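Shown next, in structure tokens, is the structure this report addresses.
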Amino acid sequence: MAKIDILGFPHAYDLTPPLSPASSYCGSESPCVLVFIHGWLLSRHYWKPLISRLPDYHCLAYDLRGFGDSLPVPGKSQFHAGYSPAAYARDVVILLEKLGISRVWLIGHSLGGTIALWAATYLPQIVQGVICVNSGGGIYIQEEFERFRSAGKILVKWRPQWLGKIPLVHLMFSQDSVAYPIKRHWGRQRAIDFFGANYEAALGALLDSTTEEQVHQLPLLVSRLKQPAYFVAGDRDKVMEPKYVRHLASFHYLYGGGDENAIVLPECGHLSMIEQPDALAAEIRRLIAAHSTPETGFLTKNPDESKLRGEKPGFSSIQ
Numbered sequence: 000m001a002k003i004d005i006l007g008f009p010h011a012y013d014l015t016p017p018l019s020p021a022s023s024y025c026g027s028e029s030p031c032v033l034v035f036i037h038g039w040l041l042s043r044h045y046w047k048p049l050i051s052r053l054p055d056y057h058c059l060a061y062d063l064r065g066f067g068d069s070l071p072v073p074g075k076s077q078f079h080a081g082y083s084p085a086a087y088a089r090d091v092v093i094l095l096e097k098l099g100i101s102r103v104w105l106i107g108h109s110l111g112g113t114i115a116l117w118a119a120t121y122l123p124q125i126v127q128g129v130i131c132v133n134s135g136g137g138i139y140i141q142e143e144f145e146r147f148r149s150a151g152k153i154l155v156k157w158r159p160q161w162l163g164k165i166p167l168v169h170l171m172f173s174q175d176s177v178a179y180p181i182k183r184h185w186g187r188q189r190a191i192d193f194f195g196a197n198y199e200a201a202l203g204a205l206l207d208s209t210t211e212e213q214v215h216q217l218p219l220l221v222s223r224l225k226q227p228a229y230f231v232a233g234d235r236d237k238v239m240e241p242k243y244v245r246h247l248a249s250f251h252y253l254y255g256g257g258d259e260n261a262i263v264l265p266e267c268g269h270l271s272m273i274e275q276p277d278a279l280a281a282e283i284r285r286l287i288a289a290h291s292t293p294e295t296g297f298l299t300k301n302p303d304e305s306k307l308r309g310e311k312p313g314f315s316s317i318q
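One point on numbering: in numbering that gives the first Met the number 0, the residue at position 87 of the sequence shown is 86, and numbering is uninterrupted.
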């Protein structure tokens, strides 16, 4: 783990070089890096099984501001950029600039998918493509969102540290939001991240990403992307159901009336990178290869302007 300062806030990250340096280069240009962005109350650790299955890629996984090991230093002044997906995307811009990374594919889970979409709009020349994992939305249902925000505020407020050390809690987390129970150590990691997240960041990310305005911006954001964007769902995901993933995918220029840019993983809940890392790694390879050539590496496909859509009423991706 290394740390880098972004606007006075220390950010933890892991930068993994490829086994074969030449494999991560786009022709004679700079190396292409896969950047992994985690979701709400999670951390960079959940990408490890996936990254281990992509050894020939240059990979960057980091902790969002206020989550994982990217926690504020007591007594140190920080620039508070806010906690909206757009604000977190600006952190991505600074992170890539400081690390000298100039060509990337962004891979974001749930809330991280929304952050990736925003970052792609900020960096059209650097971001070659986006893969959103268990991330969709664009449909705002007021009563459901109000209940979700109220429940989320209670969860964030009531997080006594001692509770995260109880084995039964680890067991509960290993069964939450997944198709089948995951290994107990992942339940423990989820407890660590849930109880250890900074209060302001946890609450701010929840509230700032689930407003009606934010939710309605998602389809418009996707429709304006110039880069390829793909959306991966779990067939048993109850947090972000496949229908909401497909809905958001339908606003992108790659959509042609079917699942051209949407993939549904079988036997999978909300944590695809833990539940189905082999299948997800295979899809990532396939999707990136579809926009690459031996001569130029990663390519950005020009959108058909006739397929660009405007905004529709539209679930935000949180968690």
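Just so you know, even glycine gets a beta-carbon here, dropped at the ideal spot from N, CA and C.
Treat the numbers as computed from the prediction; the structure is a model and nothing was measured.
Item to check | DSSP-derived helix/strand/coil call for Lys237 | outcome: coil
Checklist entry - Is DSSP giving Phe319 helix, strand or coil here? => result A query on residue 319 cannot be resolved here, the shown segment of the chain reaching from 0 to 318 and no further.
Checklist entry - According to the Cβ coordinates, are Arg102 and Gly67 closer than 8 Å? => result no
Checklist entry - With a CB to CB cut of under 6 Å and the five nearest residues on each side skipped, what residues in its chain are close to Phe193? => result Leu40
Checklist entry - Distance, Cα to Cα, Cys58 vs Asp13? => result 8 Å
Checklist entry - Hey, which unbroken runs of the alpha helix (DSSP H) at 4 residues or more fall wholly within the stretch 228 to 272? => result 241 to 248
Checklist entry - In whole angstroms, what is the alpha-carbon distance linking Gly128 and Met239? => result 22 Å
Item to check | the stretch 252 to 260 / the stretch 140 to 151 touching (three or more Cβ pairs under 8 Å) | outcome: no
Next on the checklist: My parser needs the alpha helix (DSSP H) runs of 4 or more residues fully inside the stretch 127 to 215; what are they?
Outcome noted: 141 to 156, 166 to 174, 183 to 195 and 198 to 208
Checklist entry - Any contact of the stretch 1 to 16 with the stretch 74 to 81, i.e. 3+ C-beta pairs under 8 Å? => result yes
Checklist entry - What three-state label does DSSP hand Ile100 in the structure shown? => result coil
Next on the checklist: Does Gln275 come out as helix, strand or coil in the three-state DSSP assignment?
Outcome noted: coil
Checklist entry - How is Tyr12 classed by DSSP in three states: helix, strand or coil? => result strand
Checklist entry - In chain order, what residues of the same chain lie with their CB nearer than 6 Å to the CB of Arg332, ignoring the 5 residues before and after it? => result Here the chain comprises residues numbered 0 to 318, so residue 332 is not present and cannot be evaluated.
Checklist entry - Would you say the stretch 213 to 227 touches the stretch 154 to 174, given that touching needs at least three Cβ pairs under 8 Å? => result no
Next on the checklist: I want to know whether the stretch 175 to 187 touches the stretch 49 to 65 - three or more CB-CB distances under 8 Å.
Outcome noted: no
Next on the checklist: Tell me the residue span of the alpha helix (DSSP H) that contains Ala115.
Outcome noted: Leu110 to Tyr121
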